[in-house]
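**Q**
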Amino acid sequence: MDLQNLRRNDNAKRRKYGYMWALFCAILWGLWYIPCTVIWVLNPFDEMFAQIAALKGDSVSLVMTAVLITAFNALTVLLALTVWI
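All residue numbers for the sequence shown refer to the working numbering, where the first residue is 7 and numbers rise by one.
Structure follows, in structure tokens:
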């Protein structure tokens with residue numbers, strides 16, 4: 007085998023596994039929506055929402071809680087993808 011055939015085979019293998027991992031991540035991301043809706047009513051997020059709402063109002067509390075949950079979600083996904091790679 008020459009170098010060009012090796013590159014072609016490597017690219018084909020990477021493409022195949024890349025699509026597989028992309029599909030797997032999409033499925034896991036979709037499965038996250040059920041626990042994501044539940045997390046809003048579990049501790050500590052519901053208590054944090056109520057405490058911030060008492061100080062700043064409902065709209066600020068909603069945004070701050072959503073940003074925190076999104077940050078935790080993004081860090082978890084980043085950690086999972088780092089472990090897989």
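Just so you know, even glycine gets a beta-carbon here, dropped at the ideal spot from N, CA and C.
Do Ile75 and Phe51 count as a contact pair if the criterion is CB distance below 8 angstroms?
**A** The count along the sequence shown starts at 1 and reaches residue 51 at position 45. The count along the sequence shown starts at 1 and reaches residue 75 at position 69. Their beta carbons are under 8 angstroms apart, which means Phe51 touches Ile75 by this criterion.
**Q** With H, G and I counted as helix, E and B as strand and the rest as coil, what does DSSP make of Asn79?
**A** Sequence index remark: in the sequence shown, residue 79 carries index 73 (1-based). DSSP places Asn79 in helix when its eight states are reduced to three.
**Q** Looking at Ser67 and Ala77, is the spacing between their C-beta atoms short of 8 angstroms?
**A** Within the sequence shown, residue 77 is the residue found at index 71, counting from 1. Within the sequence shown, residue 67 is the residue found at index 61, counting from 1. Cβ atoms of Ala77 and Ser67: not closer than 8 angstroms.
**Q** So, with DSSP's three-state summary, where would you put Asp8?
**A** Stepping through the sequence shown from its first residue, residue 8 is reached at position 2. Coil, per DSSP.
**Q** Could you give the residue range of the alpha helix (DSSP H) that holds Pro41?
**A** The sequence position of residue 41 within the sequence shown is 35, counting from 1. Here the alpha helix (DSSP H) through Pro41 covers 39 to 44.
**Q** Can you check which of these residues, Tyr23, Thr71, Arg21, is closest to Leu3 by C-alpha distance?
**A** Absent from the model: residue 3. The displayed extent of the chain is 7 to 91, so no value can be given.
**Q** Can you grab the Cα-Cα spacing for the pair Tyr39 / Leu29, in whole Å?
**A** On the sequence shown, residue 39 is found 33 positions in, with the first residue counted as 1. On the sequence shown, residue 29 is found 23 positions in, with the first residue counted as 1. Spanning the two alpha carbons is a distance of roughly 16 angstroms.
**Q** Measure the alpha-carbon distance for Glu53 versus Ile45 and round it to whole angstroms.
**A** Working through the sequence shown from its first residue, we reach residue 53 at position 47. Working through the sequence shown from its first residue, we reach residue 45 at position 39. Spanning the two alpha carbons is a distance of roughly 12 angstroms.
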